[in-house]
Amino acid sequence: MPDLGSSAPGADGPPGAHPETGPPVDVVDAPAARVHSSGDLLGAVLAVGLVAAVMLLAVFAHDTTVGVAQDVQGFAALVRRILVVPVALFENVVTILVPVAVLAELTVRRLGRQVLEAAVAALLAFLLCLGLVAALRAVGSPELVRGLSVLRTQGWVLSVPSTLAALSGLLTAAGPRGRRRTVAWSWNLVWVSLGVVLVTGQVSLPGSAVALLVGRVAGLGVRYVSGVQSERAYGDTLVDGIRRVGLAPIALVRVDDPADRAAPRRYDLRTAEGRRYSVTVLDGDRQAIGGLSRFWRSLRLRGIEGRSFVSLRQAAERAALMTYAAQAAGVRAPGLVGVAEAEDSMLLVQEHTGGAVPLDEVG
Numbered sequence: 066m067p068d069l070g071s072s073a074p075g076a077d078g079p080p081g082a083h084p085e086t087g088p089p090v091d092v093v094d095a096p097a098a099r100v101h102s103s104g105d106l107l108g109a110v111l112a113v114g115l116v117a118a119v120m121l122l123a124v125f126a127h128d129t130t131v132g133v134a135q136d137v138q139g140f141a142a143l144v145r146r147i148l149v150v151p152v153a154l155f156e157n158v159v160t161i162l163v164p165v166a167v168l169a170e171l172t173v174r175r176l177g178r179q180v181l182e183a184a185v186a187a188l189l190a191f192l193l194c195l196g197l198v199a200a201l202r203a204v205g206s207p208e209l210v211r212g213l214s215v216l217r218t219q220g221w222v223l224s225v226p227s228t229l230a231a232l233s234g235l236l237t238a239a240g241p242r243g244r245r246r247t248v249a250w251s252w253n254l255v256w257v258s259l260g261v262v263l264v265t266g267q268v269s270l271p272g273s274a275v276a277l278l279v280g281r282v283a284g285l286g287v288r289y290v291s292g293v294q295s296e297r298a299y300g301d302t303l304v305d306g307i308r309r310v311g312l313a314p315i316a317l318v319r320v321d322d323p324a325d326r327a328a329p330r331r332y333d334l335r336t337a338e339g340r341r342y343s344v345t346v347l348d349g350d351r352q353a354i355g356g357l358s359r360f361w362r363s364l365r366l367r368g369i370e371g372r373s374f375v376s377l378r379q380a381a382e383r384a385a386l387m388t389y390a391a392q393a394a395g396v397r398a399p400g401l402v403g404v405a406e407a408e409d410s411m412l413l414v415q416e417h418t419g420g421a422v423p424l425d426e427v428g
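For what it's worth, this note's numbering labels the leading residue of the sequence shown as 66, then goes sequentially.
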């Protein structure tokens, strides 16, 4: 399997060379400051499907969900002894503390647009949840309403907490928990508070799941419509990745159509030695749709066995191995010079094929 940052025989530098400094490079590109990630769109669609699945389980597996909820609520007395403050007060503190902390961090980092996105996502999730509850009361079947309800002193009460949906939407739009410290511990607080209210019988298990998923739909939807900060390799970062392959670039020109979001980026590379190469750049935010197509192809050919979802790094390694296999089989294909990783992108540098004509244009 090819090592990242390695170079193949015939490159301008010695194998394993990692020059990251050099003369200025003339780069002609169309960098995207913000991108509409297909992963966000796919995640939102998946969350909508999971909302429907939870509702089906609440109807057709009502006894099971009630049994699980009763088992969980068996710890209610123990939880009340452990908690010094009342459950309602703890829930209110979490509901207020989480948005304030997350929005404060984004404000300190001067991410005004992301503050607005998080606030819009929270409001949208809140309104979607209220609309869903109103629709369930108006047209929902008795079995569905009962499945999403919790038993209280006054009887069965429909429980799809809109505050939980708002928190889920805000944290989803605020960004990944691995990059925002407040988002990470805020999710932990939300899970702890959700466990407490579930154990004490304040909300229903299916209703809480629906609220969380509604928040995810709102947060991911806002992220997709507004776009997220690009983490693709452009400019100096892209040039440094090429240098790690062992080449000394002097000019890098983008040759594909920037409007084509489905295809990888392609560049024409010229080096100080007068050689010419082709660079293919695979971006991580474009891998979701490709992963879905690979999953469908794998499902048709092999069933559900095996791993069809691969990471960006694995996709680049597979492309490199296919190139080596084609050359070993005698196929006249451009040779692979090297593979490198830069930001959330993978670079495949190949020999340039001048004057090649696509097969569909031959005639």
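Every residue gets a Cβ at the ideal spot worked out from N, C-alpha and C, and that includes glycine.
Cβ distance (whole Å) where residue i is taken to contact residue j below 8 Å
i	j	result
Ser251	Val167	6 Å
Asp321	Arg335	Incorrect: roughly 17 Å between the Cβ atoms, too far for contact.
Arg319	Ala95	6 Å
Ala385	Val404	5 Å
Ala42	Ala186	The structure shown does not extend to residue 42, since the chain spans only 66 to 428, so no value can be given for it.
Ser227	Phe191	5 Å
Ser410	Gly349	7 Å
Arg202	Leu229	The pair is not a contact, with the Cβ atoms about 18 Å apart (cut-off 8 Å).
Thr302	Glu408	5 Å
Gly266	Val225	Not a contact, Cβ separation roughly 15 Å.
Val293	Val100	6 Å
Ala169	Leu235	About 13 Å; that fails the 8 Å criterion.
Val163	Val255	7 Å
Gln179	Leu171	5 Å
Val279	Leu193	5 Å
Arg242	Ala249	4 Å
Met120	Val344	Not really, about 48 Å apart at Cβ, beyond 8 Å.
Arg246	Ala239	No, Arg246 and Ala239 are not in contact; Cβ-Cβ is about 11 Å, not under 8 Å.
Gln352	Leu317	Actually they do not touch by this definition, with Cβ atoms about 23 Å apart.
Val346	Pro323	Wrong, their Cβ atoms sit about 12 Å apart, outside the cutoff.
Bridge partner(s) assigned by DSSP for residue i
i	result
Ser214	Leu223
Glu296	According to DSSP, Glu296 bridges with nothing at all.
Gln415	Ser343, Leu401
Arg99	Gln294
Pro348	Pro is not the amino acid found at residue 348; the sequence shown has Asp there. Looking at the DSSP assignment, Asp348 forms a beta bridge with Ser410.
Simplified DSSP assignment, three categories, for residue i
i	result
Ser251	helix
Arg178	helix
Asp91	strand
Ser410	strand
Ser206	coil
Gly196	helix
Ala394	coil
Ala376	Note that residue 376 is Ser in the sequence shown here, rather than Ala. It is coil, neither helix nor strand.
Gly240	coil
Arg245	coil
Val149	Summary for Val149: the model assigns pLDDT 46, below 50, so the residue's position carries little reliability; its value from the coordinates is reported in the next sentence. Coil.
Gly81	For Gly81, the predicted model reports a pLDDT of 42, less than 50, meaning its position is unreliable; a value from the coordinates is still stated below. In this structure, Gly81 counts as coil in the three-state DSSP scheme.
Contact with chain C by residue i, beta-carbon distance below 7 Å
i	result
Arg308	No chain C is part of this structure, which consists of one protein chain only.
Within the region 256-340, note down every full beta strand (DSSP E) run reaching 3 residues or more, in order along the chain.
314-319, 330-336
Tell me, please, whether the region 298-314 touches the region 257-276 by the rule of three or more beta-carbon pairs shorter than 8 Å.
no
Are there three or more Cβ pairs, one per stretch, closer than 8 Å when the region 153-162 is compared with the region 202-217?
The region 153-162 and the region 202-217 do not touch, with fewer than 3 CB-CB distances between them shorter than 8 Å.
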